[in-house]
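Chemist: Numbering-wise (the working numbering), the sequence shown opens with residue 73 and increments by one. Just so it is clear, CB atoms sit at the ideal spot from N, CA and C, and this is done for glycine as well. Would you mind keeping the following structure in view while I ask a few things?
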Amino acid sequence: MILRPRISDIKNIGYYLGKITIGLGLTMMVPIVIGLGFREINPILDFLISSAITLLIGIILTRLCRTEEDLDWMQGMIVVSLSWLVAMLLGALPLYLSGHWKSYLDACFEAMSIFTTTGLVLVQDLDHLSYAHNLWRHLGNFIGGQGIAIVALSFFVKGTSGAFKMYVGEGRDERLLPNVINTARFIWLISGVYLILGTLILGIVGMSIGMKPSNAFFHSACIFMAGFDTAGFAPQSQNILYYHSLLFEAVIIVIMLLGTLNFNLHFQMWFGNRKEIWKNIETRTLFFTVLTLSFITAVGLNQLKVYPEAIALFRKGFFHLVSGHTGTGYMTIYARQFINEWGNLALVGLICAMGLGGCICSTAGGIKMLRIGIFFKALKQDIKKIILPESAVVSQKFHHIKDIFLEDKQVRSALLITLVYLGLYVLGAIIGTWFGYPFLDSLFESTSAAANVGLSCGITDASMPAVLKLTYIFQMWAGRLEFMSIFVLIGFFIAEVKGR
Numbered sequence: 073m074i075l076r077p078r079i080s081d082i083k084n085i086g087y088y089l090g091k092i093t094i095g096l097g098l099t100m101m102v103p104i105v106i107g108l109g110f111r112e113i114n115p116i117l118d119f120l121i122s123s124a125i126t127l128l129i130g131i132i133l134t135r136l137c138r139t140e141e142d143l144d145w146m147q148g149m150i151v152v153s154l155s156w157l158v159a160m161l162l163g164a165l166p167l168y169l170s171g172h173w174k175s176y177l178d179a180c181f182e183a184m185s186i187f188t189t190t191g192l193v194l195v196q197d198l199d200h201l202s203y204a205h206n207l208w209r210h211l212g213n214f215i216g217g218q219g220i221a222i223v224a225l226s227f228f229v230k231g232t233s234g235a236f237k238m239y240v241g242e243g244r245d246e247r248l249l250p251n252v253i254n255t256a257r258f259i260w261l262i263s264g265v266y267l268i269l270g271t272l273i274l275g276i277v278g279m280s281i282g283m284k285p286s287n288a289f290f291h292s293a294c295i296f297m298a299g300f301d302t303a304g305f306a307p308q309s310q311n312i313l314y315y316h317s318l319l320f321e322a323v324i325i326v327i328m329l330l331g332t333l334n335f336n337l338h339f340q341m342w343f344g345n346r347k348e349i350w351k352n353i354e355t356r357t358l359f360f361t362v363l364t365l366s367f368i369t370a371v372g373l374n375q376l377k378v379y380p381e382a383i384a385l386f387r388k389g390f391f392h393l394v395s396g397h398t399g400t401g402y403m404t405i406y407a408r409q410f411i412n413e414w415g416n417l418a419l420v421g422l423i424c425a426m427g428l429g430g431c432i433c434s435t436a437g438g439i440k441m442l443r444i445g446i447f448f449k450a451l452k453q454d455i456k457k458i459i460l461p462e463s464a465v466v467s468q469k470f471h472h473i474k475d476i477f478l479e480d481k482q483v484r485s486a487l488l489i490t491l492v493y494l495g496l497y498v499l500g501a502i503i504g505t506w507f508g509y510p511f512l513d514s515l516f517e518s519t520s521a522a523a524n525v526g527l528s529c530g531i532t533d534a535s536m537p538a539v540l541k542l543t544y545i546f547q548m549w550a551g552r553l554e555f556m557s558i559f560v561l562i563g564f565f566i567a568e569v570k571g572r
């Protein structure tokens with residue numbers, strides 16, 4: 073028998089959702105400061121209106137649903153899954169008010185892309201977008217990359233039991249510190265320090281290529297937030313191509329790789345355990361897959377003589393392979409060049425890189441390196457069982473912060489999530505094909521959306537069908553949360569309708 077959710081369940085969910093909404097409303101005040109600095113009157117009004125609406129909704133929710141109860145597992149998962157939808161709907165307000173998005177649906181698409189750090193865009197005339205709105209796009213990347221629940225845990229949630237449920241609901245299940253709230257705050261500390269250093273380095277590079285100091289450091293802050301949080305947004309419509317700088321691109325490759333690493337690896341390196349980076353199954357798997365897929369992509373590009381010079385192959389081929397694999401989506405070519413110039417082999421290599429993604433407990437999306445590494449270890453274990461005598465006891469270990477014995481439940485879990493991701497990639501491709509786009513193009517765009525990458529072959533456009541926009545919104549949302557909290561949300565609504 074299905075039990076209908078209690079009123080206390082709904083109140084608890086509403087209360088914590090209200091707290092997150094208040095946090096979002098307060099965050100909207102940051103672009104107002106930038107707007108004042110650059111004397112942008114209309115953008116300031118956009119954010120004042122949006123912030124007021126968001127804060128009002130948050131305050132009403134917390135007042136109506138006030139409770140002292142802690143979150144249980146179901147409630148924590150639902151709060152997380154709903155918080156991303158609320159962030160999309162309210163985060164789209166200042167975008168839509170700017171007039172640079174053709175419809176509220178387009179603004180919602182961009183907002184979901186922002187917070188899930190995907191990077192697919194529907195903005196019109198990006199080159200003339202205000203500083204305030206541009207900052208909001210990249211600040212949203214920074215918030216979404218760390219996780220909306222991480223923001224809530226750092227500043228608005230007190231109970232550690234409910235906090236852990238929200239933390240896990242965002243697809244993270246590794247604590248850096250025993251206390252999950254301290255874990256959330258340490259993630260912000262890591263990100264903040266990197267932000268300062270990355271902005272400084274990129275700003276200096278920007279000035280070296282002729283940018284004014286104010287523009288150089290504004291662009292560098294935006295580029296770093298979107299690069300470290302593997303979002304791929306940029307202040308200019310030409311993306312990274314706008315800067316025409318090998319040094320700029322090299323620094324960005326380093327930033328993208330840092331962003332795709334597990335925060336636990338950053339934690340280990342910060343406290344002197346630098347050997348972990350070489351021993352960890354995720355970094356080893358990442359190195360192997362980047363090397364393998366780079367070779368496949370290079371062979372495909374070389375067959376067609378797309379980039380005959382080695383430096384061009386690095387700047388166009390390897391850069392995009394890393395951009396896709398880390399889930400960043402930065403581009404140094406135009407979207408249609410992938411289809412018109414790269415050829416099928418190079419495209420397949422890039423699609424595989426996007427689908428595999430980065431490390432768990434990072435800002436990246438996709439299937440994740442730990443799961444791929446577990447598959448390799450399981451394969452190795454099965455080969456040993458075949459070769460060794462039947463009486464031999466075969467065990468397999470892998471190193472992830474500590475030595476862990478491989479168990480069947482780990483393989484089953486990795487396989488289940490991988491199959492769901494692959495199904496999501498194919499689903500989007502089928503829908504794209506149904507609307508008349510070629511299958512490979514559709515698979516490219518679908519994988520980019522579901523793995524939260526942001527590379528585009530040209531399908532993502534304000535003129536694409538509304539159903540396809542909604543499909544990509546769902547893919548971005550589901551891919552970012554790794555499905556479990558969404559399954560719980562669906563179960564909650566079924567229980568509400570059919571429960572007794």
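How many angstroms separate the CA atom of E141 from the CA atom of N84?
Modeler: Roughly 7 Å between the two C-alpha positions.
Chemist: Quick one: is A39 buried, meaning 16 or more other Cβ sit within 10 Å of its Cβ, or exposed?
Modeler: Nothing can be reported for residue 39, as the shown portion of the chain is limited to 73 through 572.
Chemist: Can you tell me the Cβ-Cβ gap for S434 and T332, rounded? I've got them flagged as a contact below 8 Å.
Modeler: 6 Å
Chemist: Taking the C-alpha atoms as reference points, what is the distance between T519 and H392?
Modeler: 15 Å
Chemist: By Cβ distance below 6 Å, which residues in the same chain neighbour P537 in space, the five residues on each side in sequence not counted?
Modeler: Its chain contains F507 as the residues whose beta carbon lies nearer than 6 Å to that of P537, once the 5 sequence neighbours on both sides are disregarded; these appear in chain order.
Chemist: Helix, strand or coil for D480, going by three-state DSSP, please let me know.
Modeler: helix
Chemist: Taking Y575 and R138 to be in contact with their CB atoms under 8 Å, please state how far apart those CB atoms are, rounded to whole angstroms.
Modeler: Past the edges of the chain, shown from 73 to 572, lies residue 575, and the structure says nothing about it.
Chemist: With a threshold of 8 Å, are at least 3 pairs of Cβ atoms found where one atom belongs to the segment 554-562 and the other to the segment 158-165?
Modeler: no
Chemist: Return the CA-CA distance between L496 and I295, expressed in angstroms with no decimal places.
Modeler: 29 Å
Chemist: Give every residue of the same chain whose Cβ lies closer than 7 Å to the Cβ of V371, excluding the five residues on either side of it in the sequence, and list them in chain order.
Modeler: L417
Chemist: Would you report the Cα separation of W549 and T188, rounded to the nearest angstrom?
Modeler: Cα to Cα, W549 sits roughly 7 Å from T188.
Chemist: If you compare alpha carbons, which of A407, K541, Y493, T364 is closest to I503?
Modeler: In terms of CA proximity to I503, K541 leads the group A407, K541, Y493, T364.
Chemist: Let's see if you can read the secondary structure: which residues bound the alpha helix (DSSP H) around K83?
Modeler: 79-99
Chemist: With DSSP as the reference, identify every bridge partner of N475, one or two as the case may be.
Modeler: Correcting the residue identity first, residue 475 is Asp in this sequence and not Asn. For D475, which the question treats as bridged, DSSP gives the partners H471.
Chemist: Can you round the beta-carbon distance between F181 and I545 to whole angstroms, since I take them to be within the 8 Å contact cut?
Modeler: 6 Å
Chemist: Which residue from A450, I458, F470 puts its Cα closest to that of D480?
Modeler: A450
Chemist: In chain order, what residues of the same chain have a beta carbon less than 6 Å from the beta carbon of I82, not counting five sequence neighbours either side?
Modeler: none
Chemist: Looking at the secondary structure, which residues open and close the alpha helix (DSSP H) in which C424 lies?
Modeler: 415-428
Chemist: Nearest by alpha-carbon distance to T302: which of L329, G109, L363, N311 is it?
Modeler: L329
Chemist: Considering only the alpha carbon of each residue, which of L419, I455, L460 lies closest to F512?
Modeler: The displayed chain sequence assigns Leu, not Phe, to residue 512. Comparing Cα positions, the closest option is L419.
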